[in-house]
Each structure stands twice: as C-alpha cells, then as structure tokens.
Amino acid sequence: MTERSYHHGDLHRAVLDAALDVIGTDGPAAISMRDLARRAGVSHAAPAHHFGDKSGLLTAIAVDGFSLLAEYLTKAVGRPDELRELGVAYVRFAIDHPAHFEVMFRRDLCHDDAPELVAARERTAGLLRGGVDTVATGDDSRPAVLAAWSLAHGFATLWQGGSIERDADPAESFRAVSRHLFTRPD
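And the structure:
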C-alpha cells in the first residue's frame, strides 16, 4: 500500500470523513479502523495511532458534531421566537449531518467523560438553556429544557427514520408542531 503523506490536520479529517461515510451507509457498528485506514489511504496503524481506538474515533465524531450543532444553534440566538428557531436549527442540523447525529447521543459509543466531549455538549446545552430562558417561568428550567430538547430531537429522529411524511419542509413542519403544542388558545 502506498501511504499518502498528510500535513497537519489532514489525517484527522480524512479518517473522520471516511468514518462518517461508513456510518451514513451502514451505521456505527460497521466502523473498522483497518477499513478506515484503507479508505483514507494510510497505514493500518495510523487511525489507531491518531484516535487510540474506535471509541476515540467516535468521540471525535461526536465532538465535531456538537461543534457543528452549536454553529447551527448560534444562528438562531436572538431571533424572534428564539426557542422555536433553536428547535428548527436542531432539526436542520440532524437532517444535514445524519451520521454525526447518530453518534452524538449514543454515550455507549464514545469516551463519555472525554473533556473535549463534555465541553462540546455543555456548549450546545447552554445555547438550548438560553432559548428556554426566553420563555420559561419559575426557578427550575430543567423540565422546560428537557421538553424542548425532546421535541426537537424526537421530531428529527422521526423525520430521519421516515416516520413523518416528507411532503413538506422539515423546518415548517417543526414550526407547525411546536406552535400546535405551545400556543395557547385565546
């Protein structure tokens, strides 16, 4: 095998991209470090040297996913109807990055206590909490945060799995669902 030479950062991205392709077609259980090395055109030991093990690789994918999700959520901060728009951003992220989404919330796949993963999760959770704080009442917003997250995550999961009719725009469908649940009749 001819080994490609990678400059700083390329091996990391090449292996992550190969892993995301595998996850997108066959799921995370199909990940093989040796196969990823072949796909990336590097020695079979290179991914393990870089990520440690399969869980280390999946942790890196989760961190990458939470960083991308934070970018989506940040664009919704400060918009009118911020909490609903955070939900729309969450759904859009899940649809745009299904392989990341599949790994990010599977704590059994990752090194759950990895500092970079904990920090990435906390950043996105903070953005969601901020949106809830725009509408929450009372001292404890945790139930409202869980409700908002459950709605967006559940909708995204159902959409990805084909359980929701796809004849409409997912963002508009999510807005309609959230309006139905959270708009009080006069």
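Read in order, the letters of the sequence shown correspond to residues 298 to 483 in this note's numbering.
Where a beta carbon is used, it is the ideal one built from N, C-alpha and C, also for glycine.
### Query
Assuming residue 384 contacts residue 445 under a Cβ cut-off of 8 Å, what Cβ separation, rounded to an integer in Å, is found between them?
7 Å
### Query
So, helix, strand or coil for residue 463, using DSSP?
coil
### Query
Quick one: is residue 381 buried, meaning 16 or more other Cβ sit within 10 Å of its Cβ, or exposed?
buried
### Message
I need the straight-line Cα distance from residue 477 to residue 410, nearest angstrom please.
### Response
38 Å
#### Entry: Contact check, residue 325 vs residue 400, beta carbons under 8 Å
yes
### Task
Pair every Cβ in the region 409–429 with every Cβ in the region 354–370, then say whether three or more of these pairs are closer than 8 Å.
yes
### Task
Measure the alpha-carbon distance for residue 347 versus residue 473 and round it to whole angstroms.
45 Å
### Message
Below 8 Å, how does it come out for the region 330–347 and the region 308–315: are there three or more Cβ pairs, yes or no?
### Response
yes
### Query
Where residue 331 and residue 350 are concerned, what is the direct C-alpha to C-alpha distance, given to the nearest angstrom?
11 Å
### Query
So, is the C-beta of residue 401 closer than 8 Å to a C-beta in chain B?
The chain labelled as chain B is not found in the depicted structure, where only one protein chain is given.
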